[in-house]
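Sequential numbering from 53 applies to the sequence shown in the numbering used here. I have placed the structure first, in the form of structure tokens, so that the comments after it can refer back to it.
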Amino acid sequence: MSASPVLPDEPSPFSPEVLADPWHHYRRLREQAPVYRDPLTGIYFISSYRAVDEAVKNWEVFSNRFGVALAGGEEATAAAASGMPDVGDEGYPPVDTMLTADPPEQKRFRSLIAKAFSARRVNALSDRVKAIANELADGFANDGHVELVSRFSQPLPLTVIAEQLGAPAKDLHLFRQWTDGFLMQLGGMADEAGHKEAQRLIREFQVYFAARLEERRTDPHDDIISDIVHAKVDGERPLNVAEMLSILQQLLVAGNETTASAISEGIWLLMQNPDQLELVQQEPDRIPKLVEEVLRMASPTANMWRVAKETTELEGVEIPAGSMCMLRFAAADRDPAVFPDPDRFDITRENAHEHLAFGLGVHVCPGGPLARKEMVNGFETLLSRFDGFELDSTAPAPTHRPNVLLWGFDSMPIKFRARA
Ligand code: HEM
């Protein structure tokens, strides 16, 4: 076992230039130090496919209980919790459910939400997802140009999940604000003012959804929020409100930003690769393969936290107990050891589906089937109704938001022609 290699000229993984364009950084680390300790923060960055695959399957050592550390440590979490009433108008104490829990608790929560994400429920949503995609496209079909992120990629998954969580369309703008609050917290880069603002937004979200949960408790519908309120397996107690809110919070963030990013990245990749665009427009049966290649290339959940529960070794490098680690799914998905010529966008790639964009092991994304459906229907709608896609050079060039965990465009102004 040895210490992590030192890469003297390597910029901080949190620096604005790396956040804006992380791909060179991913490649350098993957090649030179697949397990790399950032000297400034002490965080271990895990970048090769093999190392990510090993760590993600070893949940006994690489724990998901990172919520406390990100909220500012034990003291900050205790202070936040003690300042909050247990139940009430002001807020609910934070609880670790799926993403920030380990088995066996995490498994219990997952089994309770399994019905909400079953194949039956996702298939039942099919017509509605298609209808929403078409309604959104109707809104700009005659304009010849559109800012795709705000008019299509974001509202598609947002409307699907909002309907499933019992929220009316007029409240969609609130979902966006709350998502920003959660992202601020999850990114681990917020200063004190940022933490406070995130807390405020999270409480606003809690008050709103506590009311929706109560509505569904007394008046169940055929939707995900009703499944969650009434979830109970094999004599288990039902979820309490704080647990349900924690789950809804994850669905909101995980379900919106990631899928929206994947749709925008897909159109971007097709515009950059006109031969692939032509191929999929001529042979729309290839759209499911397109979806896998987009997920591999974009890896919208680019990175995710872990905490080493004990001193361990990965790729020959010692990781001391208590270390914060970051799994770099996006770097692993461009590892040439698994994906030859990894930076080439190729919708005929045989093993694209082996990507780690949805993670793997106990935390593997439960929303994968829903995200895939939204992507398939989103691409089908755009590609069947429009062609001549190109960047709108009269608008500011698209940029990615500087978030260390979630990779995605802030905006993407494009031009297109309606197909005859
Ligand atoms: C393209 C879209 C998506 C991507 C790339 C994505 C990616 C991921 C990844 C990588 C993980 C594993 C995190 C880890 O190992 O710690 C995860 C977990 C999760 N995802 Fe997704 N996701 C997407 C869409 C969705 C959707 C649509 C939903 C639900 C509406 C969702 C809900 C969740 C939840 C609840 C977890 C936590 C599961 C657990 O820890 O047991 N995701 N997602």
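By construction, the Cβ of each residue, glycine as well, lies at the ideal position given by its N, Cα and C atoms. Quick caveat: nothing in here was measured; it's all calculated off a predicted structure.
- In terms of Cβ geometry, S298 and T149 form a close pair [threshold 8 angstroms].
- Between the region 310-326 and the region 266-278 there are fewer than three C-beta pairs closer than 8 angstroms, too few to call the two in contact.
- In the three-state reduction of the DSSP assignment, K361 falls in the coil class.
- Y78 is positioned such that its CB atom lies closer than 8 angstroms to that of A382.
- For L366, the pairing in a beta bridge is given by DSSP as V369.
- Burial of L200 is indicated by the presence of at least 16 other C-beta atoms within 10 angstroms of its C-beta.
- Here R358 is buried, its C-beta having at least 16 other C-beta atoms within 10 Å.
- Not one heavy atom of the ligand HEM is found less than 7 angstroms from the C-beta of F461.
- Between V332 and Q158, the C-beta gap is not smaller than 8 angstroms, which leaves the two residues out of contact.
- Secondary structure note for L304: its alpha helix (DSSP H) is the uninterrupted segment 293-324.
- Contact annotation: D395 and Y101 have beta-carbon atoms that are not nearer than 8 angstroms.
- Straight-line measurement puts the Cα of T451 at about 6 angstroms from the Cα of F461.
- F438 is positioned such that its CB atom lies no closer than 8 angstroms to that of A472.
- The DSSP-derived three-state label of F234 is helix.
- Y260 and L81 have their C-alpha atoms some 43 angstroms from each other.
- Distances from the CA of L188 to each of I165, V212, N175, S170 were compared; the closest alpha carbon is that of V212.
- With a contact defined as Cβ atoms closer than 8 angstroms, A185 and L208 qualify at about 6 angstroms.
- Close CB contacts of D444 within its chain, under the 7 angstroms cut and outside five residues either way in sequence, are with H197, P465, I466, K467 (chain order).
- Nearest in C-alpha terms to N355, of all of L92, T310, K425, E406, is T310.
- Just so you know, the alpha carbons of R348 and E256 end up roughly 35 angstroms apart.
- Collapsing the DSSP output to three states places H282 in coil.
- Using a cutoff of 7 angstroms, the CB of V120 does not count as near the ligand HEM, since none of the ligand's heavy atoms is closer than that.
- In this chain, the beta strand (DSSP E) harbouring R380 covers 376-380.
- When P454, W459, F431 are compared, the shortest CA-CA separation from F66 is found for P454.
- In this structure, DSSP gives S100 a state outside helix and strand, which the three-state scheme calls coil.
- Within 7 angstroms of the C-beta of F234 there is not a single heavy atom belonging to the ligand HEM.
- Taking K109 as reference, the option from P91, L366, K425, V70 with the minimal CA-CA separation is L366.
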